[in-house]
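Visitor: Just so you know, the sequences run in chain order A and B. Oh and the first sequence: position 342 is 342 in this note's numbering, straight run, nothing missing. Oh and the second sequence: position 127 is 1127 in this note's numbering, straight run, nothing missing. The structure under discussion is supplied below as structure tokens; questions concerning it will follow.
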Amino acid sequence: MLLKIAWRNLLRNSGRTLLTVLGAACALLTFVMLRTVVSSWNSGAEYAAKDRLGTRHKVSFVIQLPKKYVDDIRAVPGVKQATWANWFGARDPRQPNEFFANMAVDAPSFLEVMDELVLPDDQKKAWLEDKKGAIVGDALAKKLGVKVGDKITLEGSIYPGDWEFNIRGIYTASRRSLDRSQFLFHWSYMNDSLPEARRDEIGWVMIRVSNVAQSAQIAQSIDRVFEERDTQTVTMSERQLQASFMAMFSALLKALDIVSVIILAIMMMVLGNTIAMGVRERTREYGVLRAIGFSPWHIRSFVLGEAAVLGLFAGVAGIGLAYPVVDRGLGQWLEENMGGWFPYFRVEPSTMVTTVVIAIGLSALASLLPVLQAGRISVTDALRRVG
Amino acid sequence: MSDSDVKEPEATTEDGDAKGDARDNESPAPKGDAPGEGAKADAAKADAAKDSAKSDAPPKSGPYRPTPGKPLIEMSNVTKTFHKGKEPLTVLDGLTLTIAEGAFEALMGPSGSGKSTLLNLIAGLDRPTSGTARVAGHNLEKMSDGELAKFRAQNIGFIFQAYNLLPVLTAVENVELPLLLTKVPSGERRKRAETALRVVGLSDRMGHYPRQLSGGQEQRVAIARAIVNDPTILVCDEPTGDLDRKSADDILALLTKLNQDFKKTILMVTHDPSAAERATTTRHLNKGRLD
């Protein structure tokens, strides 16, 4: 009966309740989108393979390592395989504003280390046999509009000039640890085309270890090898490597967090206002209930229950809006067009549950003042109220 | 909050008598439907009163057990002062009043004479500034807010001028409301509410919302709500104030019936002399004092 009263009170001014729920739902939609941006951005690190390490220059990503380091790393006990890559930084002159990751890799060892890369055997063979061959992730292939057998010319920036490639394969990924919007080609093609002074330099080394439990010791061993050399290294897990890359955007992520909090605060005020209006309008009714013997605790429960139901509606409506907008619309577009940044842009079930819980919790919190006021109502004053 | 969360007010005397169960069997339903049952209940009340009389100490909380020969309402030298800003405003000034059980009394007087304030004190909605207010065996001036709430739930039935039904509930749901404060099971609650509505002649309007009822019908629902818990006293604040003559007469006839047939003590504030005529006693208040 008491829940029935709370429910019917909400429907009493259905227009106001609807607008409040929609307003809160829009705020929650924005909140869900921002949380998804943050979680998607971090997903690269979250989904990172546990048995992989990365070695880079001790000072910065952008300073290169000698290629001969790869052999030294392969000789460290516990290292199963090592491969390397260079950030190429070229763009498609047909779509100069489209950013995508393009890297020069050592194909045979790369395929061993990055074992979640899925490429049909015939395409793999064709790639390995063609020095100008390249493979692209399925998301990028769709964006660039390329297919196996196409030729493509990229315009280099770090390595200037027009670089011609033959698309030999379209890869997918068996795990989310691999970005499906990369352009990968043979390191030897790039290296052989460079002037002598720039040859045999690599961006970073990716290592697969035989025992995950010993990853930390292996990383230390690798760095010790180069401790006394001119170029020193820092080795860390793939997750840490990704996180250190993401740290460059920490200010942006923090800003998104702050915006999320502000949005929730606005939502709370919208809900609080509606609840407070309801309490004001029903003061006389609460007075009647108090007169016939209901305690202040009962009245507080009425208001709190109403607030919780309102929050539940808002939360469910917010998720109801977020699912089609994020999962069916924006998410797919971002994964296809900005897969490098957002490899998996979907609303996680945990985000949905969190959103509904937050909506109920904040609605209850917003109702605290009206709840206290309702509990303090003077019965005689309330009964004197008109309306 | 579920229905089961609503706790029945404690119903024990200081000597530990459990009264809740006895009370549950004293709803107007069995009395109205079967007068013999009502007589038995009255006899039980009288027996209980004898037991109660053995102890001089009144129950701190709980339903009233009638004590023949003793007054039901005793207000002694009661003063009620309100503060409007820094200015004190004395509304009741050393008022002394005794009302016997089973009375039907009307309180009349000009606006601002203190009628509603007196009614509020008797009903346990407010406490006197000074003096003693003993109602149905309870010293109200000493009771906490929570104890007063229990006292009201168990002893007082309210009938307001503006009916004050919850608009989101149907007639039968409105009547059920006071029973939410008891341990009466849901099905039984509904039965009692329906019986109370039958008593006030609204068996064909149970599923109607207040907006679908006339003023007279709304007031009947309010009366059903007031009697469903079998209170000792019915407190009526201008019960016919918003009604036309015909509806007002019907309501007054119903109150008379409740007083005569169900032995309810009724205290009614009214401006209407013809309404006051239905009462067995009429008292006049003027400037916070009884004439």
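Even glycine gets a Cβ: it sits at the ideal position worked out from N, Cα and C.
1) What first and last residue would you give for the alpha helix (DSSP H) that runs through A:PRO108?
2) For B:ALA1224 and A:GLU281, I'd like the C-alpha separation in whole angstroms.
3) Compute every distance between the C-beta of A:ALA141 and the non-hydrogen atoms of the ligand COA, then say whether any falls below 7 Å.
4) Between the beta-carbon of B:GLY1288 and the beta-carbon of B:VAL1091, is there less than 8 Å?
5) What does a CB cutoff of less than 8 Å around A:PRO77 pick up in its chain, not counting 5 residues either side in sequence?
6) Just tell me which of B:PHE1104, B:PRO1178 and B:MET1108 has its CA closest to the CA of B:ASP1230.
7) Anything in chain E within Cβ reach of A:ALA291, meaning under 7 Å, just list it in chain order.
8) Could you name the residues of chain A that B:LEU1177 contacts, counting a contact when the two beta carbons are closer than 7 Å?
9) Bridge partners for A:ALA82 per DSSP, in chain order?
10) For B:VAL1235, which three-state DSSP category applies?
11) Please determine, among A:ILE158, A:GLU155, A:GLY320 and A:LEU119, the residue with the shortest C-alpha to C-alpha distance to A:VAL148.
12) Using a Cβ cut-off of 7 Å, pull out every chain B residue sitting near A:THR274, in sequence order please.
13) Whose C-beta lies closer than 7 Å to the C-beta of A:LEU10 among residues of the same chain, with five residues either side of it excluded?
14) Applying the 10 Å Cβ sphere with the 16-neighbour rule, what's the burial state of B:ASP1272?
15) Examine chain B for any beta-carbon lying closer than 8 Å to the beta-carbon of A:VAL21, and answer yes or no.
16) Indicate whether at least one CB of chain B lies closer than 8 Å to the CB of A:MET1.
17) For the stretch 171-220 of chain A, list the alpha helix (DSSP H) runs that are entirely contained and at least 4 residues long, ordered along the chain.
18) Interface residues of chain A around B:VAL1295 at Cβ under 7 Å?
19) Indicate whether the contact test is met: 3 or more Cβ pairs, each with one atom in the stretch 53-64 of chain A and one in the stretch 252-261 of chain A, closer than 8 Å.
20) For the candidate residues B:LYS1257, B:GLN1217, B:THR1265 and B:ASP1261, whose alpha-carbon lies nearest to that of B:LEU1243?
21) Which residues in chain A have a C-beta closer than 7 Å to the C-beta of B:ASN1308? List them in chain order.
22) If you draw a straight line from the alpha carbon of A:PRO108 to that of A:GLN232, how long is it in whole angstroms?
23) Return helix, strand or coil for B:ILE1223, following the three-state DSSP convention.
24) Can you grab the Cα-Cα spacing for the pair A:ILE135 / A:ALA101, in whole Å?
25) Residue range of the alpha helix (DSSP H) that B:SER1274 falls in?
26) Is A:THR153 buried or exposed, if buried means 16 or more other CB atoms sit within 10 Å of its CB?
27) Going residue by residue through the stretch 46-71 of chain A, where are the continuous beta strand (DSSP E) segments of at least 3 residues, counting only ones entirely within it?
28) Going by CA-CA distance only, name the one from A:LEU111, A:GLY145, A:GLN242 and A:VAL225 that's closest to A:SER174.
29) Do three or more CB pairs link the stretch 1115-1128 of chain B to the stretch 1092-1104 of chain B at distances below 8 Å?
30) What residues in its chain sit with their C-beta under 8 Å from that of B:ALA1279, if we drop five residues either side in the sequence?
31) By DSSP, does A:LEU34 sit in helix, in strand, or in coil?
32) At the 8 Å Cβ level, is B:ASN1139 part of the contact set with chain A, yes or no?
33) DSSP three-state call for B:GLU1026: helix, strand or coil?
34) Report yes if the CB atom of A:ALA291 is closer than 8 Å to the CB atom of A:VAL371, and no otherwise.
35) As an exercise, report each continuous beta strand (DSSP E) stretch of at least 3 residues that is fully enclosed by the stretch 335-381 of chain A, in chain order.
Guide: Taking the coordinates as given:
1) What you label residue 108 of chain A is simply residue 108 of the first sequence in a count that begins at 1. Its alpha helix (DSSP H) spans residues 107-113.
2) For this step, residue 1224 of chain B is matched to residue 224 along the second sequence. For this step, residue 281 of chain A is matched to residue 281 along the first sequence. In a straight line, the C-alpha of B:ALA1224 is about 25 Å away from that of A:GLU281.
3) For the structure depicted, the ligand COA is absent and the ligand set is empty, with no information on it obtainable.
4) To locate residue 1288 of chain B, count along the second sequence from 1; it is residue 288. To locate residue 1091 of chain B, count along the second sequence from 1; it is residue 91. At the C-beta level, B:GLY1288 and B:VAL1091 come within 8 Å of one another.
5) Along the first sequence, read from residue 1 onward, the residue named residue 77 of chain A stands at position 77. Taken in chain order, the residues that qualify are ILE218 and SER221.
6) Working through the second sequence from its first residue, we reach residue 1230 of chain B at position 230. Scanning B:PHE1104, B:PRO1178 and B:MET1108 for the CA closest to the CA of B:ASP1230 turns up B:PRO1178.
7) As a matter of chain content, chain E is missing from the structure shown, whose protein chains are A and B.
8) For the purposes of this step, residue 1177 of chain B is taken as the residue at position 177 of the second sequence. In chain order: ILE292.
9) As a working note, residue 82 of chain A is residue 82 in the first sequence. Beta-bridge pairing links A:ALA82 to A:ILE207.
10) Here residue 1235 of chain B refers to the residue found at position 235 of the second sequence. In this structure, B:VAL1235 counts as strand in the three-state DSSP scheme.
11) Taking the first sequence and counting its residues from 1, the one referred to as residue 148 of chain A is at position 148. Nearest to A:VAL148 by alpha-carbon distance, out of A:ILE158, A:GLU155, A:GLY320 and A:LEU119, is A:LEU119.
12) What you label residue 274 of chain A is simply residue 274 of the first sequence in a count that begins at 1. Those do not exist, as A:THR274 stays about 16 Å from chain B at its closest Cβ, beyond 7 Å.
13) Translated into positions along the first sequence, residue 10 of chain A becomes position 10. In chain order, THR17, GLU306, VAL309 and LEU310 place their CB closer than 7 Å to the CB of A:LEU10, counting only its own chain and leaving out the 5 sequence neighbours on each side.
14) The residue you call residue 1272 of chain B lines up with position 272 of the second sequence. By the 10 Å Cβ count, B:ASP1272 comes out buried.
15) As a first step, residue 21 of chain A must be located in the first sequence, where it is residue number 21. Chain B, which has no Cβ nearer than 8 Å to the Cβ of A:VAL21, makes this no.
16) For the purposes of this step, residue 1 of chain A is taken as residue 1 along the first sequence, with counting starting at 1. For A:MET1, at least one C-beta of chain B is nearer than 8 Å to its own C-beta.
17) For the stretch 171-220 of chain A, whole alpha helix (DSSP H) runs of length 4 or above, ordered along the chain, are 187-193.
18) The structure shown does not extend to residue 1295 of chain B, since chain B is modelled only from 1001 to 1291, so the question has no answer here.
19) As far as the Cβ criterion goes, the stretch 53-64 of chain A does not touch the stretch 252-261 of chain A, which means the pair count is below three.
20) Working through the second sequence from its first residue, we reach residue 1243 of chain B at position 243. In terms of Cα proximity to B:LEU1243, the closest of B:LYS1257, B:GLN1217, B:THR1265 and B:ASP1261 is B:GLN1217.
21) The structure shown has nothing for residue 1308 of chain B, since chain B only spans 1001 to 1291.
22) In the first sequence, the residue the question calls residue 108 of chain A occupies position 108. In the first sequence, the residue the question calls residue 232 of chain A occupies position 232. C-alpha of A:PRO108 to C-alpha of A:GLN232: approximately 26 Å in a straight line.
23) Counting from 1 along the second sequence, the entry for residue 1223 of chain B is found at position 223. Correct three-state label for B:ILE1223: helix.
24) As a first step, residue 135 of chain A is located in the first sequence; it is residue number 135 there, counting from the start. As a first step, residue 101 of chain A is located in the first sequence; it is residue number 101 there, counting from the start. Rounded to whole angstroms, the gap between the alpha carbons of A:ILE135 and A:ALA101 is 12 Å.
25) As a position in the second sequence, residue 1274 of chain B is number 274, starting the count at 1. Per DSSP, the continuous alpha helix (DSSP H) segment holding B:SER1274 begins and ends at 1273-1276.
26) Residue 153 of chain A sits at position 153 when you count from the first residue of the first sequence. The residue in question, A:THR153, is exposed, as its Cβ has fewer than 16 Cβ neighbours within 10 Å.
27) Within the stretch 46-71 of chain A, the runs of beta strand (DSSP E) that reach at least 3 residues and sit entirely inside it are, in chain order, 52-57.
28) By 1-based counting over the first sequence, the position of residue 174 of chain A is 174. A check of alpha carbon separations from A:SER174 across A:LEU111, A:GLY145, A:GLN242 and A:VAL225 identifies A:LEU111 as the nearest.
29) Touching, per the Cβ criterion.
30) As a working mapping, residue 1279 of chain B is identified with position 279 in the second sequence. For B:ALA1279, where only same-chain residues beyond five positions count, the Cβ hits under 8 Å are PHE1104, GLU1105, ALA1106, ILE1266 and MET1268.
31) In the first sequence, the residue the question calls residue 34 of chain A occupies position 34. Looking at A:LEU34 - three-state DSSP - the assignment turns out to be helix.
32) As a position in the second sequence, residue 1139 of chain B is number 139, starting the count at 1. Residue contact check for B:ASN1139 against chain A: no CB pair falls below 8 Å.
33) Position 26 of the second sequence, counted from the start, is the residue given in the question as residue 1026 of chain B. With a pLDDT of 38 at B:GLU1026, under the threshold of 50, the predicted position of this residue should be treated as unreliable, though the coordinate-derived value follows. DSSP places B:GLU1026 in coil when its eight states are reduced to three.
34) On the first sequence, position 291 is the one that residue 291 of chain A refers to. On the first sequence, position 371 is the one that residue 371 of chain A refers to. Taking 8 Å as the Cβ cut-off, A:ALA291 and A:VAL371 do not qualify as a contacting pair.
35) Taken in chain order, the stretch 335-381 of chain A contains no complete beta strand (DSSP E) segment of 3 residues or longer.
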